[in-house]
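Okay, so the sequence shown: first residue is 4 according to the working numbering, each after it adds one. What follows is one structure encoded as structure tokens, with my remarks underneath.
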Amino acid sequence: MVRADRDLWTRTVGWLKVLLPLGALVILSLTFLLARNINPEDAIPYAEVDVEERLREPRMTAPVYSGTTDDGASLRVTGDEARPEDPATGQGATGRTVFGTLETPDGARTDLAARMAEMDLSQQSVLFSGDVLLRHAQGYSVQSDEMVARLDRTDVRSLGPVVAEGPPGQITADEMVLTQDASRPDGYVLVFNGSVKLIYQPER
Numbered sequence: 004m005v006r007a008d009r010d011l012w013t014r015t016v017g018w019l020k021v022l023l024p025l026g027a028l029v030i031l032s033l034t035f036l037l038a039r040n041i042n043p044e045d046a047i048p049y050a051e052v053d054v055e056e057r058l059r060e061p062r063m064t065a066p067v068y069s070g071t072t073d074d075g076a077s078l079r080v081t082g083d084e085a086r087p088e089d090p091a092t093g094q095g096a097t098g099r100t101v102f103g104t105l106e107t108p109d110g111a112r113t114d115l116a117a118r119m120a121e122m123d124l125s126q127q128s129v130l131f132s133g134d135v136l137l138r139h140a141q142g143y144s145v146q147s148d149e150m151v152a153r154l155d156r157t158d159v160r161s162l163g164p165v166v167a168e169g170p171p172g173q174i175t176a177d178e179m180v181l182t183q184d185a186s187r188p189d190g191y192v193l194v195f196n197g198s199v200k201l202i203y204q205p206e207r
């Protein structure tokens, strides 16, 4: 009985030595046959187009600029996308859907939003353009076509007429400037210049 069991075991092992390699060969053959209809090169043109476009027009998604002015204010500028003006020198960049935050040492915060912005490191400035909106901590909202902010000092000014809403009411002016107070260097002022008109709206 033991000999019969041993013979059966021997035959079973012998068959398995033949059947298992054959099974593996069949599985490999089926894998290659089924994969024959898949062309891996079909996805390559899309990758090549994206790479070529990136090489032609290098860009950065979700860029962030952070810096501190000479008077101690912190400036942060973010955007959806930025493209270098001169990739060789890296001296400037253009961004779209841009947001800026200026926090002065006196604790006041100013927020900026614009469709576009151009950063010029050689001139130490950022030009915001396209429906520019400035919100100041004192309760003022100022709209203009263009505003420029300095990177080396606290100085934000419009490059054209502005329309503002604030605690006194609606203000129109030829220019708006946010800068250090000349009479009080530790203070900051928001000033409207040139043909200033105020429509007084008392609080109700």
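In this text, a Cβ means the ideal position worked out from N, Cα and C, and glycines have one as well. Values in this document were obtained by computation on a predicted structure and should not be read as measured data.
Burial state of residue i (16 or more Cβ within 10 Å)
i, result
"Tyr68", "buried"
"Ser147", "buried"
"Gln141", "exposed"
"Gln183", "buried"
"Asp83", "exposed"
"Ser161", "buried"
"Tyr203", "exposed"
"Gly163", "exposed"
"Val166", "exposed"
"Thr64", "exposed"
"Gly190", "exposed"
"Val135", "buried"
"Val145", "buried"
"Ala185", "exposed"
"Gly70", "exposed"
"Ala50", "Per-residue confidence for Ala50 stands at a pLDDT of 48, beneath the threshold of 50, marking its modelled position as unreliable; the derived number appears in the next sentence. Burial call: exposed."
"Arg207", "Residue placement at Arg207 cannot be trusted, given a pLDDT of 45 that sits under 50; what the coordinates show is reported in the next sentence. Classification of Arg207: exposed, given that the 10 Å Cβ count is below 16."
"Ala38", "Note that Ala38 scores 49 on pLDDT, short of 50, meaning its location in the model is unreliable and no value can be drawn from it."
"Gly197", "exposed"
"Val80", "buried"
Proximity of residue i and residue j at Cβ, strictly below 7 Å
i, j, result
"Ser3", "Met119", "The structure shown does not extend to residue 3, since the chain is modelled only from 4 through 207, so no value can be given for it."
"Ala2", "Leu105", "Residue 2 falls outside the range modelled here, since the chain spans only 4 to 207, and no answer is possible."
"Asp123", "Gly103", "no"
"Val194", "Val180", "yes"
"Thr175", "Asp74", "no"
"Tyr143", "Gly169", "yes"
"Arg86", "Arg112", "no"
"Leu130", "Val159", "no"
First and last residue of the uninterrupted beta strand (DSSP E) at residue i
i, result
"Ala167", "165 to 169"
"Asp155", "Taken as a continuous stretch (DSSP letters only), Asp155 belongs to no beta strand (DSSP E), as it is neither H nor E."
"Gly95", "95 to 106"
"Pro188", "187 to 196"
"Arg79", "77 to 87"
"Tyr143", "Where Tyr143 is concerned, there is no enclosing beta strand (DSSP E), given that its DSSP letter is neither H nor E."
"Ser69", "67 to 71"
"Ala117", "112 to 123"
"Arg138", "128 to 139"
Residue-chain proximity (residue i, chain B), Cβ-Cβ < 7 Å
i, result
"Lys200", "Although the question refers to chain B, the structure presented lacks it and comprises just one protein chain."
For residue i, the three-state DSSP class (helix, strand or coil)
i, result
"Ala38", "The pLDDT assigned to Ala38 is 49, lower than 50, so where the model puts this residue is not dependable; a value taken from the coordinates is nonetheless given after this. In the structure shown, Ala38 sits in a helix (DSSP, three-state: H, G or I)."
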